[in-house]
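Numbering (our numbering), first residue to last: 91 to 320.
No residue lacks a Cβ here, since even glycine has one placed at the ideal position from N, Cα and C.
Keep in mind that this is a model prediction, so the values were computed, not measured.
Only one structure is covered here, and it is reproduced in the block below.
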Amino acid sequence: MVDEHVIFNIKSEGSTVEVYNGDYDQTVLVTKRAADEHSDGKGLLISDTALEVGDEVPQWIVDGYQTMFDEVEEQTVDIVPGKAITHVITPLGVGSLAQAVSIHFGRKSNKPKIITVEPEAAACFKTSLEAGQSTTVEPGYTICTGMRCGTLSENAWPILKESVNVALTADDLQVDEAIKELHSYGVLAGPCGAASLAAARQLQGTRNFDSEAVVLILCTEGERHYQLQD
91 MVDEHVIFNI KSEGSTVEVY NGDYDQTVLV TKRAADEHSD GKGLLISDTA
141 LEVGDEVPQW IVDGYQTMFD EVEEQTVDIV PGKAITHVIT PLGVGSLAQA
191 VSIHFGRKSN KPKIITVEPE AAACFKTSLE AGQSTTVEPG YTICTGMRCG
241 TLSENAWPIL KESVNVALTA DDLQVDEAIK ELHSYGVLAG PCGAASLAAA
291 RQLQGTRNFD SEAVVLILCT EGERHYQLQD
């Protein structure tokens, strides 16, 4: 499904857009081939999806997330003085953000629980955990288009399988409700961003959270157009 709003936004920055009729995994391979075959030999694919273990560019992107976590922790000191983050909820597509979360918070003496959330229609990580190996799924329709991924980043899987404490999925209705709730608080989030709150709502009242929990909910997408299927 072509999102004309996304295409418009990209073009408004002076870029060109070529639409490929395929899913996320197929598109990554097509763009990789296009970069490799660039006429001047200087083509470069900027993507957080590692097609092979050790791919440099995806690792640079993971490293770049460190700044965000440093800023979050500086703000946490002011918001909840004397307390540390006990839970981190992160959306997961190919897994690079969750990989960064795992690396950063894995260094802490009091490691928080790491919770991931994927679209129910594209749960490649949860499926991989259940299979015991990185496993590709065929994604279905979801309003979380940025997380509609069928295969994990090769750099992410070895880290995530050892680090993630809870792997959840959320359906589009749950995400839609989370979007509306965030909007009521003045947070204009898109589906991929609101998925983290949808996951938190699933865990509310369970043994995962108690009254002393300090929960970091990562919101990774601003407001955008989406359409729920009937």
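Report the option in G144, G283, L306 and T259 whose CA atom is closest to the CA atom of T166.
Within the sequence shown, numbered from 1, the residue matching residue 166 stands at position 76. When each option's Cα is compared against that of T166, the closest is L306.
So which of A188, E311, G280 and T225 has the shortest CA-CA distance to I151?
Locating residue 151 in the sequence shown gives position 61, counting from the first residue. It is A188 whose Cα lies nearest to the Cα of I151.
Determine which residues share a DSSP beta bridge with E208 and list them.
One-based indexing of the sequence shown puts residue 208 at position 118. Beta-bridge pairing links E208 to T259.
How would you label I233, buried or exposed, when you count the other beta carbons within 10 angstroms and need 16 or more for buried?
The count along the sequence shown starts at 1 and reaches residue 233 at position 143. The residue is buried, with at least 16 neighbouring Cβ atoms inside 10 Å.
By a C-beta neighbour count over all protein chains shown, 10 Å radius and 16 as the cutoff for buried, is A211 buried or exposed?
Counting from 1 along the sequence shown, the entry for residue 211 is found at position 121. The residue is buried, with at least 16 neighbouring Cβ atoms inside 10 Å.
Could you check what DSSP says for V304 in three-state terms: helix, strand or coil?
Residue numbering aside, residue 304 sits at position 214 when the sequence shown is read from its first letter. The answer is coil: DSSP assigns V304 none of H, G, I, E or B.
Local conformation of K201 per DSSP, three classes
Locating residue 201 in the sequence shown gives position 111, counting from the first residue. Correct three-state label for K201: coil.
CB of S243 within 7 angstroms of CB of V184, strictly:
Sequence index remark: in the sequence shown, residue 243 carries index 153 (1-based). Sequence index remark: in the sequence shown, residue 184 carries index 94 (1-based). Closer than 7 angstroms, so yes.
In DSSP terms, what I179 is bridged to
Translated into the one-based positions of the sequence shown, residue 179 becomes position 89. Answer is I205 and I307.
Using three-state DSSP, classify A246 as helix, strand or coil.
As a first step, residue 246 is located in the sequence shown; it is residue number 156 there, counting from the start. A246: coil per DSSP, three-state reduction.
Residue range of the unbroken alpha helix (DSSP H) whose run includes Q317
Here residue 317 corresponds to residue number 227 of the sequence shown, with the count starting at 1. No alpha helix (DSSP H) holds Q317; DSSP gives it neither H nor E.
Smallest Cα separation from V107: which of E94, Q116 and T176?
Within the sequence shown, residue 107 is the residue found at index 17, counting from 1. When each option's Cα is compared against that of V107, the closest is E94.
Nearest to T225 by alpha carbon, out of P171, I205 and A246?
Along the sequence shown, one-based indexing puts residue 225 at 135. It is A246 whose Cα lies nearest to the Cα of T225.
Chain C beta carbons: is any one of them nearer than 7 angstroms to that of Y155?
No chain C is part of this structure, which consists of one protein chain only.
For A188, does the three-state DSSP call read helix, strand or coil?
Here residue 188 corresponds to residue number 98 of the sequence shown, with the count starting at 1. In the structure shown, A188 sits in a helix (DSSP, three-state: H, G or I).
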